[in-house]
Amino acid sequence: MTTPSITPAWQKRDRGLTARMIVSFAILTLLYLIFISVLAYAGVGFVPITIIASLMILAQWYFSDKIVLWSSGAKIVTREQYPELHDIVERIVARTNLPKPKIAVINATIPNAFATGKSPKSSVVCVSKGLLNLLETEELEGVLAHELTHIRNRDVLVLTLASLFSTVAWYLMQFSLYGGMGYGYGGGGGRSRGNGAGAMAIIIVVALLTWLVSFLIIRAISRYREFAADRGGAQMTGKPAKLASALMKISGNMKKIPTKDLRQVEGLNAFFIIPALSGSSISNLFSTHPPVEKRIEKLMQMEMSMG
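The numbering used here applies: residue -13 is where the sequence shown begins, and numbers increase by one.
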């Protein structure tokens, strides 16, 4: 009689994380439905604004990898230039059936890494020279596996879609503030102007609330996806403690970098494995990453369960 196999705890799906992701997207969907309903009630030409904003989002998504590489100063490197780096990535993708991404290196002392790309086939994994000098091979493997998990989970696409209505709300609020809607300026007299002003005020308030709540929820989704990438990266390598050690080293070394240098790359915080500048506990609400201490704690729990 065969005994049923028991799945180790570290291999099981993180149901709490999954539930938070589902709730976040559900709230976003409900929020956007309310937003559309209010706009339709106010008689706004929502379709053209949505088309314009959608085209801008799609253009941003389509050129995102090129923009990120250009703004970070990263250069695509060959196997001849960085054989060990290519070897590590090839080992990971061989275990996960992912296509091998392009590999880029930033000539910077700030230790960090990121991944970008519209799909696994067009993806790029980038590391800084500071990171290569700081980490041991197994720690670097954990960081690269984290970035490859972002690629496997199509996080760039997910966050782009989640940002769509937030961007629409932002532009709608801008157009309303500058009188772009043109309400109440026809021949309807004072009543028409009064109705137009009232409708515009409603649109501005709803658009502002939609953008603000969307902003917070999208940041929450981004933080959840960092936890998911940590978990996925640790599963790829089977060494959660090594990724935890890498995060600890990167975070500790970041404090030694002059603030002036960190501010130069602050615009890439959403892509980095650890933000160049981390705020106070209050600002964590607006952060794209969870506190590094919580990430390390979860990875060490995973290590203990695997042991």
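Think of the CB as a built atom: it goes at the ideal place given N, C-alpha and C, for glycine as much as any other residue.
Boundaries of the alpha helix (DSSP H) in which residue i is found, first to last residue
i	result
T102	Element bounds for T102: not the alpha helix (DSSP H) but the beta strand (DSSP E), A99 to T102.
A80	P69 to T82
T135	T123 to R138
K228	P226 to M240
I282	V278 to M292
Test item: CB-CB of residue i and residue j under 8 angstroms
i	j	result
V111	I89	yes
A227	L285	yes
V144	G103	no
P261	R209	no
M292	T82	no
V199	L17	yes
I204	I13	no
H136	A101	yes
F213	R281	yes
G116	A232	no
D216	L195	no
K241	L120	no
Counterpart residues of residue i in DSSP-defined beta bridges
i	result
V63	Bridge partners of V63: none, in fact.
I260	None; I260 has no bridge partner.
Residue interval of the beta strand (DSSP E) (run including residue i)
i	result
S114	V110 to S114
A90	K88 to I92
Contact belief for residue i with residue j at Cβ below 8 angstroms, rounded distance in angstroms
i	j	result
L130	I207	23 angstroms between Cβ atoms; not a contact.
S114	N98	5 angstroms
A60	I37	Going by Cβ atoms, the distance from A60 to I37 rounds to 33 angstroms, so no, they are not a contact pair.
H132	G219	3 angstroms
K225	E124	6 angstroms
V54	F257	6 angstroms
Distance cut-off 7 angstroms: residue i Cβ against heavy atoms of the ligand ADP
i	result
I92	With respect to small molecules bound, the structure shown includes none, and the ligand ADP cannot be examined in it.
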